[in-house]
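Enquirer:
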Amino acid sequence: MEQRFKSLSLFEFQERYSSKGDCLAYLAELKWGNGFLCRKCGHGKSCKGVPAASRQCTSCNYTESPTANTLFHMVKFDLVKAFYIVYFVATNKKGITSTELSRKLELRQKTCWSFKRKVMKAMKSSGDHPITGTAEVDETVFGGQEEGVRGRKNGSKKLVVVGIQKKKKGVSRLYAREISHADAASLGDFMKHHIAVDANVTTDQWSGYGPLAKVFENLVQIPSGKKGPNFPDLHRAIMNLKGWLRGMHHHVWDLQDYLDEYCYRFNRSFMKEGIFENLMIRMVNASPCLIKNISN
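All residue numbers for the sequence shown refer to my numbering, where the first residue is 26 and numbers rise by one.
Quick look at the structure:
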């Protein structure tokens with residue numbers, strides 16, 4: 026399973042990013058490799074700035090560092106260790122906890138948790154790769170058993186809609202989103218974002234899917250059956266997702282970030298380019314995220 030992520034080996038990573046200068050140079054290449062555009066005046070030419078690896082606009086003299094306006098913005102600990110967090114999150118086949126990062130990198134657990142949450146923000150789906158071909162969709166609940174709560178009445182539990190793309194005897198793509206209600210509006214918004222309108226979509230007979238046949242012309246509703254015998258691949262994917270969440274993180278508040286992490290890694294199991302490099306590009310292109318805006 027480790028070989029499925031075709032990225033740098035740990036030894037190669039250590040050689041390539043051994044200093045803060047190495048990290049800044051790599052961020053600068055990702056950020057300005059295709060050209061510089063001043064954020065202040067829009068001018069397209071720059072020269073080397075101070076500190077190292079920063080760029081200075083030749084028109085207004087605005088200077089920007091490689092970390093500014095990225096998810097590395099105002100990082101307050103060793104940048105090399107921040108790179109290690111991205112590397113470990115990206116390349117560990119089941120992810121990694123902040124406690125384990127703290128042990129490996131000799132950082133406070135809170136520091137690792139905060140920066141790891143920023144990395145997870147970069148794992149959010151772009152919506153550019155919708156499910157095509159054969160798709161299945163269903164909803165489920167995340168959380169412990171609640172007395173008197175059954176079916177789609179989720180109480181304090183989290184309601185999640187999951188969509189998969191089937192390929193031969195397996196699942197090639199998966200998306201999941203937390204929703205407040207299993208109505209046509211919520212289900213439809215998820216499907217329009219993640220499933221191609223000409224895909225062959227199969228759902229159960231829940232009424233919330235009925236109106237969506239106007240958008241998804243190949244949508245078919247069939248009985249789910251007791252314990253879902255008509256959707257074995259979908260329900261297996263859901264059980265694996267729940268098992269990962271319970272085994273890896275135990276208890277979370279911002280469920281969507283963790284769903285995004287799982288789907289990001291699942292959908293890139295066989296990617297040709299390096300998963301670390303892919304995540305770094307996303308980190309650079311994403312908007313800054315302040316710790317105070319991240320909950321538990």
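Yeah, the Cβ is synthetic: ideal placement off N, Cα and C, and Gly gets one too.
Between which two residues does the alpha helix (DSSP H) carrying C288 extend?
Expert: Under the DSSP assignment, C288 falls in the alpha helix (DSSP H) whose first and last residues are 280–292.
Enquirer: Please name the residue in Y51, L35, D258 whose C-alpha comes closest to that of K193.
Expert: D258
Enquirer: At what residues does the beta strand (DSSP E) containing I189 begin and finish?
Expert: 183–192
Enquirer: Put T136 into one of helix, strand or coil per three-state DSSP.
Expert: In the structure shown, T136 sits in a helix (DSSP, three-state: H, G or I).
Enquirer: By Cβ distance below 8 Å, which residues in the same chain neighbour T83 in space, the five residues on each side in sequence not counted?
Expert: Apart from the 5 residues on each side of it in sequence, T83 sits with its Cβ closer than 8 Å to the Cβ of H68, K70, S71, C72 in its chain, given in chain order.
Enquirer: As a quick exercise: from T228, A207, S44, M264, pick the residue whose alpha carbon is nearest that of F108.
Expert: S44
Enquirer: Between which two residues does the alpha helix (DSSP H) containing Q39 stretch?
Expert: 35–41
Enquirer: When burial is assigned at 16 or more other CB atoms within 10 Å of the CB, is A334 buried or exposed?
Expert: Here the chain comprises residues numbered 26 to 321, so residue 334 is not present and cannot be evaluated.
Enquirer: Straight-line CA distance for A93 to W138?
Expert: 21 Å
Enquirer: Would F263 pass as a contact of T165 if the rule is Cβ separation under 8 Å?
Expert: Rather than Phe, the amino acid found at residue 263 in this sequence is Ile. Yes; because the gap between Cβ atoms is below 8 Å, this pair is in contact.
Enquirer: In three-state terms, what does DSSP make of T122?
Expert: coil
Enquirer: Ignoring anything shorter than 4 residues, give me the alpha helix (DSSP H) runs that lie fully in the region 212–288, in order along the chain.
Expert: 257–273
Enquirer: Whether or not the region 281–288 and the region 202–217 are in contact is what I'm after, with contact meaning three or more pairs of Cβ atoms, one per stretch, closer than 8 Å; do they touch?
Expert: Taking one beta carbon from each stretch, the region 202–217 and the region 281–288 have 3 or more pairs nearer than 8 Å; the two touch.
Enquirer: In this structure, how does DSSP classify S150 when only helix, strand and coil are distinguished?
Expert: coil
Enquirer: Quick one: using the 10 Å Cβ neighbour count with 16 as the cut-off for buried, is Q28 buried or exposed?
Expert: With a pLDDT of 40 at Q28, under the threshold of 50, the modelled position of that residue is not reliable, and the figure given next carries that caveat. It is exposed - the Cβ of Q28 has fewer than 16 other Cβ atoms within 10 Å.
Enquirer: Assuming P236 and A207 form a contact by the criterion Cβ under 8 Å, report the distance between their Cβ atoms to the nearest whole angstrom.
Expert: The pair is not a contact, with the Cβ atoms about 13 Å apart (cut-off 8 Å).
Enquirer: Which value, in whole angstroms, describes the spacing of the CA atoms of F30 and K118?
Expert: With a pLDDT of only 43 at F30, under the threshold of 50, the placement of this residue in the model should not be trusted; the figure read from the coordinates follows. Their backbone Cα atoms lie some 8 Å apart in a straight line.
Enquirer: For S90, which three-state DSSP category applies?
Expert: coil
Enquirer: According to DSSP, simplified to helix, strand and coil, what is E302?
Expert: Correct three-state label for E302: helix.
Enquirer: From this set, T228, K143, K217, which residue's C-alpha is nearest A115's C-alpha?
Expert: When C-alpha distances from A115 are compared across T228, K143, K217, the shortest belongs to K143.
Enquirer: Per DSSP, which residues does G195 bridge with? Please list them.
Expert: K192
Enquirer: Using three-state DSSP, classify N142 as helix, strand or coil.
Expert: Asn is not the amino acid found at residue 142; the sequence shown has Arg there. Helix.
Enquirer: Could you check what DSSP says for V309 in three-state terms: helix, strand or coil?
Expert: When DSSP states are grouped into helix, strand and coil, V309 belongs to the helix group.
Enquirer: Could you tell me the distance, in whole angstroms, from the CA atom of C288 to the CA atom of C85?
Expert: 43 Å
Enquirer: Looking at the structure shown, is D103 part of a helix, part of a strand, or coil, going by DSSP?
Expert: coil
Enquirer: Check this for me: beta carbons of A53 and P91, under 8 Å apart or not?
Expert: Cβ distance < 8 Å, so A53 and P91 count as in contact.
Enquirer: Compute the distance between the beta-carbons of I110 and L126, then report whether it is under 8 Å.
Expert: Yes, Cβ-Cβ distance for I110 and L126 is below 8 Å.
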